[in-house]
Amino acid sequence: MSKKAILLAGGKGTRLRPYTHVLPKPLMPLGGEDPMPIIEVVLRQLARHGFGDVTIITGYLTELIETFCGDGRKFGTRIRYRREVAPLGTAGGLTLLKRPSDPVLVINGDILTTLNYGAMYEFHCSRGAAATIASYPREVKIDFGVLEFGDDPHVLTGYREKPEYSFLVSMGVYLLDPIAWDFLTPGEALTMPDLLESMRGVGHPVLCYRQSCYWLDIGRHDDYATANEIFDTRRASFLGNADRPAVTMGRDQ
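Shown next, in the form of structure tokens:
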């Protein structure tokens with residue numbers, strides 16, 4: 243039986259304007275030769291890792307996404323759609339779906355990654371997690387001299403020139419057990435951090451999954467330029483051995 247995934251594709255992509263005045267961000271093409279929309283890359287990856295049952299939550303320029311993706315068979319998936327009438331946040335839109343019976347992968351529709359979703363699913367199930375967040379190490383450089391103080395805000399206790407900080411950040415990929423739906427209220431906006439913190443606050447285990455992989459959130463113009471370059475040079479690592487495979491998939495499969 244195919245595992246289930248929910249693809250979040252309802253945002254307006256304001257940081258990528260003016261491109262996103264015309265196209266929703268998930269339909270932005272990657273690659274100079276034989277370009278492929280971001281959402282197609284994600285859908286083919288999901289199919290390759292056994293997530294053949296996909297629900298896409300849309301909101302902005304919905305018709306374009308539905309027209310391009312269709313029923314999903316050309317990607318090796320079966321796609322259903324749910325529309326947000328008003329923005330509900332990264333977790334609130336989950337109320338548009340019935341409470342599932344098995345863990346569900348929830349993924350932002352605007353990321354470029356080589357993460358193995360199947361391995362993450364196995365980790366989640368084996369550890370008995372209520373929720374699992376895919377994490378990625380990021381370095382942040384501060385381009386100024388950072389001043390440090392103790393109790394007296396006028397007495398310098400440290401001075402570091404352009405320091406770098408290391409963080410683990412969310413990749414925008416989550417696995418949620420059915421219990422997560424008990425923390426959702428239909429029609430109410432909710433972010434994914436708020437949902438996970440609510441679950442964790444009452445004792446449900448929320449884990450972080452780490453894997454050696456590539457990841458980029460395609461949210462800004464410079465990120466989009468980088469994604470195009472990386473996709474051109476590492477296309478096979480994102481799509482596997484088969485690029486745009488011919489797939490036939492029955493509706494009841």
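Each number in the working numbering comes from the position in the sequence shown (counting from 1) with 242 added on.
Glycine included, C-beta positions come from ideal geometry on N, C-alpha and C.
{"Check": "Would you say A376 and L449 are within 8 Å of each other, going by their C-beta atoms?", "Outcome": "no"}
{"Check": "Near F409, which residues of its chain fall below 6 Å by C-beta distance, leaving aside the five closest residues on each side in sequence?", "Outcome": "R380"}
{"Check": "Determine the contact status of L306 and V296, defining contact as a CB-CB distance below 8 Å.", "Outcome": "no"}
{"Check": "Is there contact here, the segment 413-426 with the segment 311-331, by at least three beta-carbon pairs under 8 Å?", "Outcome": "no"}
{"Check": "Please say whether G334 and A431 have beta carbons closer to each other than 8 Å?", "Outcome": "yes"}
{"Check": "Have a look at T356 and V397 and give me their C-alpha separation to the nearest angstrom.", "Outcome": "47 Å"}
{"Check": "Can you tell me whether I384 is buried or exposed, with buried defined as 16 or more other CB within 10 angstroms of its CB?", "Outcome": "exposed"}
{"Check": "Roughly how many whole angstroms lie between the Cα atoms of R493 and E282?", "Outcome": "With a pLDDT of 31 at R493, under the threshold of 50, the predicted position of this residue should be treated as unreliable, though the coordinate-derived value follows. Taking the straight line from one Cα to the other gives about 19 Å."}
{"Check": "What did DSSP end up calling C450 once you bin it into helix, strand or coil?", "Outcome": "strand"}
{"Check": "Would I342 pass as a contact of C367 if the rule is Cβ separation under 8 Å?", "Outcome": "Here the sequence assigns Pro to residue 342, which means Ile is not the residue at that position. Against a cut-off of 8 Å, the Cβ pair of C367 and P342 comes out as no contact."}
{"Check": "DSSP three-state label for I307, please.", "Outcome": "helix"}
{"Check": "Rounded C-beta distance between G387 and R402? I'm assuming under 8 Å.", "Outcome": "7 Å"}
{"Check": "Which class does D459 belong to by DSSP, given the choice of helix, strand or coil?", "Outcome": "strand"}
{"Check": "Just the Cα atoms here: how many angstroms apart are F391 and P405?", "Outcome": "16 Å"}
{"Check": "Could you give the distance in angstroms between the alpha-carbon of Q495 and the alpha-carbon of I280?", "Outcome": "Because Q495 sits at a pLDDT of 29, beneath the cut-off of 50, its placement in the model cannot be relied upon, and the following sentence gives the value as read from the coordinates. Roughly 25 Å between the two C-alpha positions."}
{"Check": "Spatial neighbours of L285 within its chain, please: CB distance less than 6 Å, with the 5 preceding and 5 following residues excluded, ordered by chain position.", "Outcome": "F317 and T319"}
{"Check": "If I'm right that M413 touches I353 with Cβ under 8 Å, what's the distance once you round it to whole angstroms?", "Outcome": "7 Å"}
{"Check": "Taking C-alpha atoms, which residue in A328, P277 and A361 lies nearest to C455?", "Outcome": "A361"}
{"Check": "Excluding sequence positions up to five away, which residues of its chain have a Cβ less than 7 Å from the Cβ of M434?", "Outcome": "T332, A333 and Y416"}
{"Check": "Which same chain residues end up closer than 6 Å to W423 when comparing Cβ atoms and leaving out the 5 residues on each side of it in sequence?", "Outcome": "R341"}
{"Check": "Within the continuous alpha helix (DSSP H) that includes A289, where are the two ends?", "Outcome": "I280 to R290"}
{"Check": "I'd like the list of long-range same chain contacts for A247, defined as Cβ closer than 6 Å, with 5 residues on each side in sequence excluded.", "Outcome": "L288, F293, V296 and L347"}
{"Check": "Could you compute how far the alpha carbon of E308 sits from the alpha carbon of P395?", "Outcome": "56 Å"}
{"Check": "Could you give the uninterrupted runs of the alpha helix (DSSP H) lying entirely in the segment 326-383, keeping only those of 4 residues or more?", "Outcome": "331-334 and 359-368"}
{"Check": "Is it the case that the Cβ atoms of P271 and Y302 are separated by a distance below 8 Å?", "Outcome": "no"}
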